[in-house]
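Sequential numbering from 1 applies to the sequence shown in UniProt numbering. Working notes, structure below.
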Amino acid sequence: MAPASTLDWSEPCQQWRYPKLCPSGQRHERTKNGVELNGKEANGAYKKFCKFLRQLGSKRRKDGSKVTTVVATPGSGPDLPREVAYTDTKVIGNGSFGVVYQAKLFDTGEMVAIKKVLQDKRFKNRELQIMRRLEHCNIVKLKYFFYSCGDKKDEVYLNLVLEYIPETVYKVARHYSKSKQTIPISFIKLYMYQLFRSLAYIHSLGICHRDIKPQNLLLDPETGVLKLCDFGSAKHLVKGEPNVSYICSRYYRAPELIFGAIDYTTKIDVWSAGCVLAELLLGQPIFPGDSGVDQLVEIIKVLGTPTRDQIREMNPNYTEFKFPQIKSHPWQKVFRARTPPEAMELVARLLEYTPSLRMTPLQACAHSFFNELREQGTRLPNGRELPPLFNFTEHELRIQPTLNSILIPKYMQSPDNSGGQSEATSAAAAGASEEEKDVKEAKEEEDQEQQVVDGE
1 MAPASTLDWS EPCQQWRYPK LCPSGQRHER TKNGVELNGK EANGAYKKFC KFLRQLGSKR
61 RKDGSKVTTV VATPGSGPDL PREVAYTDTK VIGNGSFGVV YQAKLFDTGE MVAIKKVLQD
121 KRFKNRELQI MRRLEHCNIV KLKYFFYSCG DKKDEVYLNL VLEYIPETVY KVARHYSKSK
181 QTIPISFIKL YMYQLFRSLA YIHSLGICHR DIKPQNLLLD PETGVLKLCD FGSAKHLVKG
241 EPNVSYICSR YYRAPELIFG AIDYTTKIDV WSAGCVLAEL LLGQPIFPGD SGVDQLVEII
301 KVLGTPTRDQ IREMNPNYTE FKFPQIKSHP WQKVFRARTP PEAMELVARL LEYTPSLRMT
361 PLQACAHSFF NELREQGTRL PNGRELPPLF NFTEHELRIQ PTLNSILIPK YMQSPDNSGG
421 QSEATSAAAA GASEEEKDVK EAKEEEDQEQ QVVDGE
């Protein structure tokens, strides 16, 4: 048997065959060199591994601070585990998912967030599988991941080491609300544009976030950069495959979910984003329901009663149509007097009962509400330059090529630049099938690696 100190815990089911060791829980019967293990030996290997982790574990520096060393795998690139040390650990959040710590990488001094979740050893973690596929300037970056042993027997935790970003849109909005102020419209434009850009990217990969809300929008107050985080509810949606309808935080839950739809699309994220935009404009949630049913009542108060056709498109299997007939409320009366007309028009295009009529995220980015961001010389209210908003990758330029002439500011469309864009767009068309193949293969791999108890 190989010594515990040489175990590669990052991908155990590919490289090691200890039944008690594999976090994916697949029942393996052989070690890497083909020697069979009985249950007692396997459990012994697990204990040795945990002992090895604890030996790596933590040491005290001269100043009394604790340094923890783990064997971690990079979030992207080759699976080459390495020792990573971190210090100054403190809890910054917790919930049903687990605990989030703030820590400092010992070698570089960089601040990170470590999300620690209990790992069901029967399945691979969907959040990890999805995050390893994502690479975008408006999505929080997975730097490393590692496994750790719990206090209880056979208890294993997955630890996601993420870049640390200090603020959230929720905290910023609450600060303004407590001061009886609304967020400056220029900030709302900046935040929402980056949110839509991140959604355009993940939706192009077939991934639905399923929990868009202000708390999951990280903000760097110095640069104005927004990054989407918490992919714990995210899933690669496939047409015809069922999904759970009880998903997404209540205030931001799309009506098709309330109607019990199980074959919904990524447009549920678009609805949630519309709710976030409306909340930033209003200074409070637009649909503050006390329960699932009350949530629908709050929506009907603003949008009016959905028609039978709208209900059928949201959920063809829904048969109870007994709703009071209420007319829609004019958006001009929903929002404050000085709310820009373009903002209200954008909200109206996002908060549509019929999912297929909602704008795509990239169409939202191209909306006139964001034109100010595309003007040369536009700066943040504090005088700083805007963060990068138009550094589109070839992948992004392939999503809806007809929008590229709007998305890329006129002052950036020099002959050379536009030529490059055309080439990118043509190359995109040529490489689209290859990319679709990659996405399909990734999805098939994800399906093979994970089965979900809740029917997903």
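Don't be surprised by glycine CBs; every beta carbon is placed ideally from N, CA and C.
Excluding the 5 residues flanking it on each side, leucine 403 has same chain C-beta neighbours closer than 6 Å at Leu362 and Ala366, in chain order. Taking the C-beta atoms as reference points, lysine 227 is found nearer than 9 Å to asparagine 138. Residue state for serine 368 is assigned as helix, using DSSP reduced to three classes.
If you ignore the 5 residues before and after glycine 377, its C-beta comes within less than 6 Å of no other C-beta in its own chain.
Glutamine 295 is not bridged by DSSP to any residue.
Taking the C-beta atoms as reference points, alanine 273 is found no nearer than 9 Å to isoleucine 286.
The continuous alpha helix (DSSP H) containing serine 177 extends over residues 169-178. Take the alpha-carbon of isoleucine 207 and the one of arginine 132: they are about 13 Å apart. Note that the stretch 110-120 touches the stretch 152-172; at least 3 beta-carbon pairs, one per stretch, sit closer than 8 Å. For the pair of segments examined, the stretch 174-187 was found not to touch the stretch 264-272: the number of CB pairs separated by less than 8 Å stays below three. The beta carbons of tyrosine 264 and leucine 296 sit no closer together than 9 Å.
Distance from the CA atom of threonine 339 to the CA atom of serine 148, rounded to whole angstroms, is 50 Å.
Each residue's CA atom was taken as its position, placing phenylalanine 187 and leucine 386 some 10 Å apart. Annotation for asparagine 315: Glu256, Phe259, Gly260 and Ala261 place their beta carbon closer than 7 Å to its own, counting only its chain and skipping 5 residues before and after. In the structure shown, the three-state DSSP call for serine 405 is helix. For the 9 Å CB-CB criterion, arginine 210 and serine 233 form a contact. Of the residues assessed, leucine 80 falls on the exposed side of the cut-off, its CB having fewer than 16 other CB atoms within 10 angstroms. In the DSSP assignment, proline 255 falls within the alpha helix (DSSP H) that extends over 255-258.
For aspartate 88, the enclosing beta strand (DSSP E) begins and ends at 82-95. Counting only residues of its own chain and dropping the five nearest sequence neighbours on each side, glycine 224 has a CB closer than 6 Å to the CB of Leu190, Leu380 and Pro387. Below 8 Å, enough C-beta pairs join the stretch 73-92 and the stretch 106-113 to call them touching: three or more. Rounded to whole angstroms, the gap between the alpha carbons of tyrosine 246 and serine 96 is 15 Å.
Between glycine 98 and phenylalanine 145, the beta carbon gap of about 13 Å keeps them out of contact (Cβ cut-off 8 Å). At least 9 Å separates the beta-carbon of leucine 397 from that of leucine 373. The alpha-carbon of aspartate 151 is positioned some 19 Å away from that of leucine 160. When only Cα atoms are considered, aspartate 290 and phenylalanine 323 end up about 18 Å apart. Looking at the DSSP output, tyrosine 144 bridges to Pro74 and Val161. The C-beta distance from proline 355 to glutamate 313 rounds to 7 Å, short enough to meet the 8 Å contact threshold.
At the C-beta level, leucine 199 and glutamate 167 stay beyond 9 Å of one another. Here glycine 377 carries a coil assignment [DSSP, helix/strand/coil]. Residue pairing from DSSP places leucine 226 in a beta bridge opposite Leu219.
With distances taken between CA atoms, asparagine 371 lies nearest to Ala343 out of Ala343, Ser204, Gln400 and Ile130.
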